[in-house]
Structure formats: structure tokens, C-alpha cells
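Participant: The structure that follows is given in the form of C-alpha cells.
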Amino acid sequence: MIRVVLPQHLRTLAGVDGEVQLDVDGHPTQRSVLDALEASYPALRGTIRDHATAKRRDFIRFFACGQDITLEAADDPLPEEVVSGAQPFRVVAAMAGG
Amino acid sequence: MSGVRLLVGTRKGAFLLTSDGKRDDWQVKGPLFAGWEIYHLNGSPADPDRLYASQSTGWHGQVVQRSDDGGKTWEPVGNEFAYDGIPGTHQWYDGTQHPWEFARIWHLEPSLSDPDTVFAGVEDAALFRSTDGGQTWHELSGLRDHPTGEQWQPGAGGLCLHTILIHPEDPQRMVVAISAAGTFRTDDGGETWRPINKGLRSHELPDEEREVGHCVHRIAMNPSRPDTLFMQKHWHVMRSDDGGESWQKVSGNLPSDFGFPISVHAHEPETVYVVPIESDSEHVPPEGKLRVYRSRTGGNEWEPLTNGLPQEHCYVNVLRDAMAVDSLDPGGVYFGTTGGQVYASSDSGDNWTAVVRDLPSVLSVEAQTLA
Numbered sequence: 000m001i002r003v004v005l006p007q008h009l010r011t012l013a014g015v016d017g018e019v020q021l022d023v024d025g026h027p028t029q030r031s032v033l034d035a036l037e038a039s040y041p042a043l044r045g046t047i048r049d050h051a052t053a054k055r056r057d058f059i060r061f062f063a064c065g066q067d068i069t070l071e072a073a074d075d076p077l078p079e080e081v082v083s084g085a086q087p088f089r090v091v092a093a094m095a096g097g
Numbered sequence: 000m001s002g003v004r005l006l007v008g009t010r011k012g013a014f015l016l017t018s019d020g021k022r023d024d025w026q027v028k029g030p031l032f033a034g035w036e037i038y039h040l041n042g043s044p045a046d047p048d049r050l051y052a053s054q055s056t057g058w059h060g061q062v063v064q065r066s067d068d069g070g071k072t073w074e075p076v077g078n079e080f081a082y083d084g085i086p087g088t089h090q091w092y093d094g095t096q097h098p099w100e101f102a103r104i105w106h107l108e109p110s111l112s113d114p115d116t117v118f119a120g121v122e123d124a125a126l127f128r129s130t131d132g133g134q135t136w137h138e139l140s141g142l143r144d145h146p147t148g149e150q151w152q153p154g155a156g157g158l159c160l161h162t163i164l165i166h167p168e169d170p171q172r173m174v175v176a177i178s179a180a181g182t183f184r185t186d187d188g189g190e191t192w193r194p195i196n197k198g199l200r201s202h203e204l205p206d207e208e209r210e211v212g213h214c215v216h217r218i219a220m221n222p223s224r225p226d227t228l229f230m231q232k233h234w235h236v237m238r239s240d241d242g243g244e245s246w247q248k249v250s251g252n253l254p255s256d257f258g259f260p261i262s263v264h265a266h267e268p269e270t271v272y273v274v275p276i277e278s279d280s281e282h283v284p285p286e287g288k289l290r291v292y293r294s295r296t297g298g299n300e301w302e303p304l305t306n307g308l309p310q311e312h313c314y315v316n317v318l319r320d321a322m323a324v325d326s327l328d329p330g331g332v333y334f335g336t337t338g339g340q341v342y343a344s345s346d347s348g349d350n351w352t353a354v355v356r357d358l359p360s361v362l363s364v365e366a367q368t369l370a
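Taken in sequence, the protein lines are chains A and B. In this text, residue positions in the first sequence follow numbering that gives the first Met the number 0: the first is 0, and each later residue adds one. In this text, residue positions in the second sequence follow numbering that gives the first Met the number 0: the first is 0, and each later residue adds one.
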């Protein structure tokens with residue numbers, strides 16, 4: 000079970016209050032977690048990654064275990080603490096704008 | 000009993016303002032979609048309970064919301080706006096070519112007859128259509144593929160398609176406007192398009208009367224006279240009486256003919272409203288006085304409407320989609336400002352009151368007349 004923490008606007012859009020919990024096949028990666036997230040909450044499609052290219056939107060970051068893993072490869076395995084559910088995978092809206 | 004519902008889009012959410020037909024007591028609902036930019040909301044003429052909203056932020060991009068109950072509840076629908084084919088390039092601010100990139104929806108225009116059909120004018124300029132209530136969107140690419148497309152360049156606000164006028168008697172015919180490309184018309188339901196900018200003059204262009212490149216800010220039409228179009232251009236208020244084939248300047252005695260919105264009275268097709276703004280470099284009302292100007296002669300002769308509007312120290316702007324009229328009698332006129340005020344007149348503009356004063360900066364106002 001993967002725990003995902005979303006920024007406020009995306010929690011509202013997905014209609015969830017707290018963390019999201021997802022089942023992900025195989026060893027979870029950024030891509031497979033986001034695929035599962037969008038499959039469970041279609042309203043989030045296009046708000047984290049571009050529809051066509053799956054490229055991360057510019058002001059979105061991914062954190063895990065206190066590290067910024069945004070620039071790691073999308074298919075790299077996520078840390079064991081995230082896989083075990085001990086730590087969440089965090090989708091973060093970058094500090095920008097007002 | 001009749002009533003009015005104003006659909007107000009702001010920099011930080013949407014607001015619904017409702018009143019009965021007297022229009023002197025308003026209920027305010029909102030913010031909806033708090034924190035998101037709501038460039039535009041609009042209702043279906045065929046089903047006033049069917050609403051569409053353009054919701055976006057720089058973080059999360061574009062979302063489209065739909066309501067089937069007059070704004071009580073909303074659901075996100077499709078938000079994939081893929082340009083048809085290989086998009087190509089348009090002109091950038093510095094004159095170089097730049098790839099077409101979807102940024103946001105500026106304007107949503109529901110079909111006059113089918114609540115599930117809705118058009119979206121987007122940045123970078125293109126026209127999309129949904130026929131399934133917003134679930135899926137398809138580009139009418141004949142517009143962007145026009146041979147002049149690579150000459151289109153963005154205005155200060157972006158290369159936006161902001162005006163969509165559907166001919167009330169012939170739905171195959173539509174007029175759209177793009178800043179800063181100009182006005183285009185289709186007579187075959189959006190398959191093919193041609194520029195209709197004859198008579199426009201823009202001193203910002205090396206050839207003032209060029210076929211495209213004009214910064215059209217807004218076009219309005221009275222449905223009873225669909226071949227008569229009124230335009231607020233970057234500078235100049237213009238008029239066409241032949242469906243856009245030719246345009247004449249009708250700025251007349253306006254204190255400035257720079258501005259953004261323009262509206263036509265619902266029952267008086269020669270009564271037109273504009274909000275003059277000092278200049279393109281000073282987006283504020285002349286002399287710090289917020290004045291709507293009304294012409295009852297289809298242009299050229301304009302009178303200031305000031306009762307109830309601030310006449311000193313006022314430096315707000317009124318954006319292109321932030322003025323609307325209702326179809327009650329006497330006619331109502333409404334506009335929102337960048338200072339967060341929404342003003343209403345229930346007597347065709349003679350007197351104004353602020354329905355609300357402290358909303359976020361207003362991006363758009365639509366008026367629904369409810370049975």
C-alpha cells in the first residue's frame with residue numbers, strides 16, 4: 000500500500016480529505032504511482048503531468064523520506080520506506096506565485 | 000418569477016450572484032474553486048442549469064468544471080486539449096517563431112441549442128469543441144491552420160482566443176476574435192475560416208491595414224441583428240453591418256477609445272456600452288473616474304454613465320470578458336473590476352450599485368436571465 004500526500008488544491012479536486020492509499024503492481028516507481036493515482040482519481044489527470052507527454056508540470060515536485068526525488072528517473076524504484084507504507088510519497092506544489 | 004444569475008470569475012475563485020427580477024437584493028455564493036483562476040464561466044442558453052467553468056492555476060494547469068444544477072454542485076470533466084496534428088509555430092513577441100502550446104481556456108461558449116455542445120477559446124489561440132458535455136474536446140483546426148497562422152503573435156495577455164459569437168439563425172456561422180491576430184469567420188461550422196479585418200487600422204503594425212495582426216479586445220452582438228457587430232479594439236471602437244466583412248470606426252466623442260469590454264443592450268440593438276481606459280500603457284480610467292459610456296445611436300455619439308460609480312481616485316480596470324447584459328425589461332447591465340467590485344444597473348445603465356465590493360480581481364462576468 001502506497002501512501003500519497005497531495006497538495007490542497009489536488010485533494011479538493013480529487014474529493015479526498017487526507018492521504019490517498021494506492022495499490023501498485025510490481026515495485027513502485029514515480030511513474031507507476033502516478034499512473035495508479037490518475038486511474039483512481041481521473042480528475043487529477045493533467046494536473047500533475049501533461050496529458051500527452053506525461054512530463055511533470057513545472058511547479059510540481061516529488062518528495063520521499065525527506066528527499067527531493069523529482070529529478071530521479073520516472074522508472075527508478077521508490078525507497079523501501081515508501082513501498083512499505085512507512086513513509087508517504089509527497090506530491091508538492093512548489094513555492095511560487097501568490 | 001424571473002431573476003438573474005451572475006457568473007463571476009476571479010483570480011481566486013468563482014462567485015454566483017443571484018437576484019429576483021427587481022435586481023436590488025443579491026445573494027452571493029462563493030468562492031467556488033477557491034484559490035484557482037476562473038477565467039470564465041458560462042451557462043447554456045438551452046438549459047440554464049447547465050454551467051461550464053474554466054479553472055486553472057500555474058501549478059496544476061487547466062481543469063474544466065460542469066454543473067447540471069445551476070451551480071449547486073460541480074464535477075470536473077475533460078481537460079485534455081490536444082492541438083490537431085503537428086501544431087507548428089506562431090510568431091513570438093520578439094518576431095521569432097514559437098511552438099503552439101496550450102496554456103488555458105479564456106472563454107467558454109455553449110451552443111445555443113444543445114447543452115452538451117460547448118466551444119472553448121484557448122491560449123495559444125485555437126478553438127475547441129465538445130459535444131459530450133465537456134468530457135472530450137476536439138480542435139476545429141481549420142482556424143489555426145489558416146495560412147496566416149504563423150503570423151499571429153500574442154498580445155500582452157497571451158495569444159488568446161477570447162470571443163466566440165454563434166450566429167443565432169445559422170449555427171454554421173461563427174465569428175471568433177484573437178488577440179493579437181484579429182477577427183475570423185466561418186460559414187461552414189468551423190471547417191474553414193477567413194480573416195474579416197477589413198477597415199481595422201492598427202498603428203502598432205508596420206502595415207496599419209494588414210490582413211491579420213490586429214489586437215481585437217472584444218466583439219459583441221445583439222441576437223436580433225446578428226450581422227451588426229460592435230468591436231472594442233486595442234484602440235478604436237468599431238462597427239460592422241455586414242457580418243464583419245467591413246468595419247467602420249465609431250469612437251466618436253469618447254474620452255479615450257482604448258478599452259477592453261463592449262456589450263450591446265438586449266432589446267435595443269443600437270445601444271452599446273464601453274468602458275474607456277486611459278491608454279494601452281495606463282490601464283486605468285481617465286481622470287480617475289469610472290465611467291461606462293453608452294451610445295444609443297450605434298456608436299459615434301456617447302454619453303457617460305456615472306450615477307453610483309466612483310468619480311474620484313478610481314484606478315481599476317474592466318477586463319474584456321467582465322461585462323454582460325441581461326434580457327429583462329428594463330435591461331440590466333453588469334461589470335466587474337480588477338479591484339473586485341461588481342456593479343449592476345437595472346435601468347440600462349442610468350444608475351449603478353455595487354453588488355459586491357471586495358472580491359478578488361474580476362476576470363469575467365456573465366448574466367443569465369432566469370425564467
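Yeah, the Cβ is synthetic: ideal placement off N, Cα and C, and Gly gets one too.
(1) Could you spell out where the beta strand (DSSP E) holding A119/B opens and where it closes?
(2) Let me make sure I understand the geometry here. Which of Q367/B, R49/B, T337/B has the alpha-carbon closest to that of R10/B?
(3) Distance cutoff 8 angstroms, beta carbons only. Does H59/B sit that close to anything in chain A?
(4) Quickly, what does DSSP pair S178/B with across the bridge? List them, please.
(5) So, do the segment 259-279 of chain B and the segment 290-310 of chain B have three or more beta carbon pairs nearer to each other than 8 angstroms?
(6) Quick check: the Cα distance between V3/B and D115/B, rounded to an integer number of angstroms?
(7) Does the Cβ of L70/A have 16 or more other Cβ atoms within 10 Å, making it buried, or fewer, making it exposed?
(8) Across the segment 215-227 of chain B and the segment 238-249 of chain B, are there enough close Cβ pairs to call them in contact, namely three or more that are closer than 8 angstroms?
(9) Does V3/B come within less than 8 angstroms of chain A when only Cβ atoms are used?
(10) Once the 5 residues before and after E108/B are set aside, which same chain residues still bring their CB inside 6 angstroms of it?
(11) Kindly indicate which residue of F32/B, G20/B, D19/B has the alpha-carbon position closest to the one of G8/B.
(12) Kindly indicate which residue of E138/B, H145/B, I195/B has the alpha-carbon position closest to the one of T247/B.
(13) Under DSSP, the alpha helix (DSSP H) around A13/A begins and ends at which residues?
(14) Identify the continuous alpha helix (DSSP H) that holds V91/A and give its terminal residues.
(15) Give, in chain order, every residue of the segment 77-89 of chain B whose Cβ lies closer than 7 angstroms to some Cβ of chain A.
(16) Are the CB atoms of A124/B and I177/B nearer to each other than 8 angstroms?
(17) Where do the ends of the alpha helix (DSSP H) carrying E80/A lie?
(18) Can a CB atom of chain B be found closer than 8 angstroms to the CB of L5/A?
(19) What does a CB cutoff of less than 7 angstroms around D48/B pick up in its chain, not counting 5 residues either side in sequence?
(20) Going by DSSP, which residues form a beta bridge with F334/B?
(21) Just to confirm the assignment: which complete beta strand (DSSP E) runs, minimum length 3, are found wholly within the segment 35-72 of chain B?
(22) Assuming V354/B contacts A343/B under a Cβ cut-off of 8 angstroms, what Cβ separation, rounded to an integer in Å, is found between them?
(23) Run down chain B in chain order and give the residues with a C-beta less than 8 angstroms from the C-beta of R56/A.
(24) Helix, strand or coil, according to DSSP, for A265/B in the structure here?
(25) Take the Cβ of G25/A as the centre, count every other Cβ of all protein chains shown within 10 Å, and call the residue buried at 16 or more, exposed below.
(26) Quick test of the definition: if touching needs 3 or more C-beta pairs under 8 angstroms, does the segment 327-336 of chain B touch the segment 58-68 of chain A?
(27) Kindly list, in the order they appear in chain B, the residues whose Cβ is closer than 8 angstroms to that of L36/A.
(28) Quick one: what's got a C-beta closer than 7 angstroms to A179/B's C-beta in the same chain, skipping five residues either side?
(29) Would you verify that the beta carbon of W151/B is, or is not, closer than 8 angstroms to some beta carbon of chain A?
(30) Cα separation between H137/B and G287/B?
(31) Please list, in chain order, the chain B residues whose beta carbon lies closer than 7 angstroms to that of A42/A.
(32) Using the C-alpha atoms, what's the distance from D49/A back to R55/A?
(33) Mind pulling the chain A residues with CB within less than 9 angstroms of G34/B?
(34) So which residues of chain B does G25/A contact, with C-beta pairs closer than 8 angstroms?
(35) Please report the residue range of the alpha helix (DSSP H) in which S31/A lies.
(36) To which residues of the same chain is P78/A closer than 6 angstroms at the C-beta, ignoring the five residues directly before and after it?
Facilitator: With the structure as the only source:
(1) Counted from its first residue, the second sequence places residue 119/B at position 120. 117-122 is the extent of the beta strand (DSSP E) around A119/B.
(2) Reading the second sequence from its first residue, position 11 is the one you call residue 10/B. Among Q367/B, R49/B, T337/B, the Cα nearest to that of R10/B is on T337/B.
(3) Position 60 of the second sequence, counting from 1, holds the residue named residue 59/B. With 8 angstroms as the cut-off, H59/B counts as an interface residue toward chain A.
(4) The sequence position of residue 178/B within the second sequence is 179, counting from 1. DSSP, once it has assigned bridges, lists C159/B as partnering S178/B.
(5) yes
(6) Taking the second sequence and counting its residues from 1, the one referred to as residue 3/B is at position 4. Taking the second sequence and counting its residues from 1, the one referred to as residue 115/B is at position 116. Their Cα atoms are separated by approximately 22 angstroms.
(7) Within the first sequence, residue 70/A is the residue found at index 71, counting from 1. Looking at its Cβ environment, which holds fewer than 16 other Cβ atoms inside 10 Å, L70/A is exposed.
(8) yes
(9) As a working mapping, residue 3/B is identified with position 4 in the second sequence. By this cut-off, V3/B is not an interface position.
(10) Stepping through the second sequence from its first residue, residue 108/B is reached at position 109. F118, I163.
(11) Counted from its first residue, the second sequence places residue 8/B at position 9. Of the listed residues, the one whose Cα sits closest to G8/B is F32/B.
(12) Here residue 247/B is taken as the residue at index 248 of the second sequence, counted from 1. First, the residue type needs correcting, since residue 247/B is Gln and not Thr in the sequence shown. Of the listed residues, the one whose Cα sits closest to Q247/B is I195/B.
(13) Taking the first residue of the first sequence as 1, we reach residue 13/A at position 14. Taken as a continuous stretch (DSSP letters only), the alpha helix (DSSP H) holding A13/A covers 7-13.
(14) Position 92 of the first sequence, counted from the first residue, corresponds to residue 91/A. V91/A -> not in any alpha helix (DSSP H); beta strand (DSSP E) instead, spanning 88-92.
(15) N78, E79, A81
(16) What you label residue 124/B is simply residue 125 of the second sequence in a count that begins at 1. What you label residue 177/B is simply residue 178 of the second sequence in a count that begins at 1. Cβ atoms of A124/B and I177/B: closer than 8 angstroms.
(17) Numbered from its first residue, the first sequence carries residue 80/A at position 81. It spans 79-82 - the alpha helix (DSSP H) in which E80/A sits, taken as one unbroken run.
(18) The residue given as residue 5/A occupies position 6 in the first sequence. No, its Cβ sits nowhere closer than 8 angstroms to a Cβ of chain B.
(19) Numbered from 1 along the second sequence, position 49 holds the residue referred to as residue 48/B. Hits under 7 angstroms: D67, D68, G69.
(20) In the second sequence, counting from the first residue as 1, residue 334/B sits at position 335. For F334/B, which the question treats as bridged, DSSP gives the partners M322/B, Y342/B.
(21) 36-42, 50-56, 60-66
(22) Working through the second sequence from its first residue, we reach residue 354/B at position 355. Working through the second sequence from its first residue, we reach residue 343/B at position 344. The Cβ separation is near 5 angstroms, so the contact holds.
(23) Counting from 1 along the first sequence, the entry for residue 56/A is found at position 57. The answer, in chain order, is W58, H59, G60.
(24) As a first step, residue 265/B is located in the second sequence; it is residue number 266 there, counting from the start. It is coil, neither helix nor strand.
(25) Taking the first residue of the first sequence as position 1, residue 25/A is located at position 26. So G25/A counts as exposed.
(26) no
(27) For the purposes of this step, residue 36/A is taken as residue 37 along the first sequence, with counting starting at 1. Per Cβ cutoff of 8 angstroms: no residues; L36/A is ~13 angstroms from chain B at best.
(28) Counting from one through the second sequence, the residue named residue 179/B turns up at place 180. Within the same chain, A179/B has close Cβ partners Q152, P153, G154, G212, H213, C214.
(29) What you label residue 151/B is simply residue 152 of the second sequence in a count that begins at 1. Chain A contact via Cβ: absent.
(30) Looking up residue 137/B in the second sequence gives position 138. Looking up residue 287/B in the second sequence gives position 288. Cα to Cα, the separation comes out at about 44 angstroms.
(31) Walking along the first sequence from the start, residue 42/A turns up at place 43. P75, listed in chain order.
(32) The count along the first sequence starts at 1 and reaches residue 55/A at position 56. The count along the first sequence starts at 1 and reaches residue 49/A at position 50. Their backbone Cα atoms lie some 6 angstroms apart in a straight line.
(33) As a working mapping, residue 34/B is identified with position 35 in the second sequence. Within chain A, the residues near G34/B are Q7, H8, T11.
(34) Taking the first sequence and counting its residues from 1, the one referred to as residue 25/A is at position 26. Residues of chain B passing the Cβ test: none, with the nearest at roughly 27 angstroms.
(35) For the purposes of this step, residue 31/A is identified with residue 32 of the first sequence, where counting begins at 1. Looking at the DSSP string, the run of the alpha helix (DSSP H) that includes S31/A is 29-39.
(36) Here residue 78/A refers to the residue found at position 79 when the first sequence is read from its first residue. Closer than 6 angstroms at Cβ, skipping near neighbours: A63, C64.
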